[in-house]
Amino acid sequence: MRRIFFLLWSAVLLTAVCTSCTNNPAETEETAVVATPETAVRPTEPSQPLDDSNFIVIATDAPNPPFTQFD
Numbered sequence: 000m001r002r003i004f005f006l007l008w009s010a011v012l013l014t015a016v017c018t019s020c021t022n023n024p025a026e027t028e029e030t031a032v033v034a035t036p037e038t039a040v041r042p043t044e045p046s047q048p049l050d051d052s053n054f055i056v057i058a059t060d061a062p063n064p065p066f067t068q069f070d
């Protein structure tokens, strides 16, 4: 009898928690965000081409290093 009583109260509690979480109008209403100059999308400046002195060559003895498998 105690087990049935525990299962009944667990089901009631679980149902109450689920219904209180799903019926929250603050989560479902649409909010409009006004674009301001601070939040607007701005194009980025093109980057300068890199010169050869900025590259690092990594040598390894592995037959198939994972960073060279581009397919």
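Quick note on numbering that gives the first Met the number 0: the sequence shown kicks off at 0 and runs consecutively. Note that CB positions come from ideal geometry on N, CA and C, so glycine has one too.
Per-residue DSSP class, three states only, for residue i
| i | result |
| --- | --- |
| Ser46 | coil |
| Pro32 | Position check: residue 32 holds Val in this sequence, whereas Pro was assumed. Residue state, collapsed to three classes: coil. |
| Arg41 | coil |
| Ile55 | coil |
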